[in-house]
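Q: After the structure tokens below, expect a handful of questions from me.
Residue numbers (our numbering): 26 to 111.
The structure is reproduced here in structure tokens:
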């Protein structure tokens, strides 16, 4: 997951395996990949191996693995204020 500052409460079940990366490091990786004319990129790179392995299995299995990894954004505190209109 790329830390752009928009997500206030990112949730990552295994932060050592799926780290929160900066936008700058992500941009560098993308530029390097384009310059090397590589076909695909995964950030972090270790996920590319898993993606390639799961292509051999049914799609549902890949979705289950994605759910097991448990990354996403938790609900953050939002204060709503409504003005009463008479």
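The beta carbon of each residue, even a glycine, is placed where N, CA and C say it ideally should be.
Compare the C-beta of residue 68 with all C-beta atoms of chain C and state if any pair is closer than 9 Å.
A: Of the protein chains in the structure, only one exists, and it is not chain C.
Q: In the structure shown, what three-state DSSP assignment does residue 29 receive?
A: For the purposes of this step, residue 29 is identified with residue 4 of the chain shown, where counting begins at 1. Of the three classes helix, strand and coil, the one that applies to residue 29 here is coil, per DSSP.
Q: How many angstroms separate the CA atom of residue 33 from the CA atom of residue 70?
A: Along the chain shown, read from residue 1 onward, the residue named residue 33 stands at position 8. Along the chain shown, read from residue 1 onward, the residue named residue 70 stands at position 45. Taking the straight line from one Cα to the other gives about 25 Å.
Q: Assuming residue 68 is part of the alpha helix (DSSP H), what are its boundary residues?
A: The sequence position of residue 68 within the chain shown is 43, counting from 1. Where residue 68 is concerned, there is no enclosing alpha helix (DSSP H), given that its DSSP letter is neither H nor E.
Q: Could you check which residue in 43, 47, 89, 85 has the C-alpha nearest to that of residue 73?
A: What you label residue 73 is simply residue 48 of the chain shown in a count that begins at 1. Comparing Cα-Cα distances from residue 73 to each of 43, 47, 89, 85, the minimum goes to 43.
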